[in-house]
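S.K.:
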Amino acid sequence: MALYEEWKNIIEKSMESEEKQQEFWDDFCGREQKIYEKILGEKQGEIKGKISDLAQVYGVDTTYFMGFLDGINDSIKEPNDLEKLSESDTVQIDIDFEKLYYNMLAVPAPWLYELEQWEGILSAEKRKAITKEYNRSKTIVKENKVGRNDPCPCGSGKKYKKCCGKAS
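Numbering (this note's numbering), first residue to last: 679 to 846.
(1) Buried or exposed: Ile713, going by 16 or more other Cβ atoms within 10 Å of its Cβ?
(2) Thinking just about the alpha-carbon of each residue, which of Phe743, Ser801, Trp796, Thr809 is nearest to the one in Pro786?
(3) Between Leu760 and Asn751, how many whole angstroms is the CB-CB distance? I'm expecting something under 8 Å.
(4) Exposed or buried, what is Gly835 when buried is set at 16 or more other beta-carbons lying within 10 Å of its beta-carbon?
(5) Output the distance between the C-alpha atoms of Asn856 and Phe702, rounded to the nearest integer angstrom.
(6) Less than 8 Å between C-beta atoms, sequence neighbours within five positions excluded: which residues of the same chain meet that for Arg826?
(7) If you drop the 5 nearest sequence neighbours on each side, which residues of the same chain put their C-beta closer than 6 Å to that of Lys755?
(8) Hey, Thr768 and Gly727: beta-carbon distance below 8 Å or not?
(9) Start and end of the alpha helix (DSSP H) containing Val735?
(10) For Thr768, name the three-state secondary structure that DSSP assigns.
(11) Out of Arg805, Glu794, Asn758, which has the shortest C-alpha to C-alpha gap to Asn781?
(12) What residue ranges within the stretch 684-738 form continuous beta strand (DSSP E) runs of no fewer than 3 residues, ordered along the chain?
(13) Can you give the Cα-Cα distance for Trp796 and Lys698, rounded to whole angstroms?
(14) How far does the alpha helix (DSSP H) with Thr741 in it extend, from its first residue to its last?
(15) Which same chain residues end up closer than 6 Å to Cys832 when comparing Cβ atoms and leaving out the 5 residues on each side of it in sequence?
Here it is, written out as structure tokens:
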């Protein structure tokens, strides 16, 4: 069984009950946070190695490391084909830190984007700008709605209720 498939199976098994699901995600997110603390603390923009070796370096089993890869894959310059990876495969993780921070906001994962280790990677101003950009991307702009007593947008000069808004 491929490593990515094992990762998906673990997630699926955790869905048996709400309690199991919460327990699994608490455990995984705690381990994931430790990985990010190490990466950000050491300012590791590029990570390369065998999955089994990297899992050992970051103190997780290979399946959990695959979960980490699944989470960071959208934030690296050249995404990995996760479904084909095995423990003995070598992966290259070239992190785009601005994209990673943005994606952490989108999840939302405050336990990750609020890490103090970001201070050495992105300035407070840069993080604020990325947050502002993220919030702007989520802003919904509603088009002006034509009121029934407003002039009809067709240009007839009549009120909307007497023109295009008239009940058929």
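For glycine and all other residues, C-beta sits at the position ideal for the given N, C-alpha and C.
All values derive from a computational prediction rather than experimental measurement.
M.R.: Let me spell this out:
(1) Buried: at least 16 other Cβ atoms inside 10 Å.
(2) Thr809
(3) 6 Å
(4) Under this definition Gly835 is an exposed residue.
(5) A query on residue 856 cannot be resolved here, the shown segment of the chain reaching from 679 to 846 and no further.
(6) Lys837, Tyr838, Lys839, Gly843
(7) Asp772, Asp774
(8) yes
(9) 729-735
(10) strand
(11) Arg805
(12) 724-728
(13) Their backbone Cα atoms lie some 31 Å apart in a straight line.
(14) Its alpha helix (DSSP H) spans residues 740-750.
(15) Cys842
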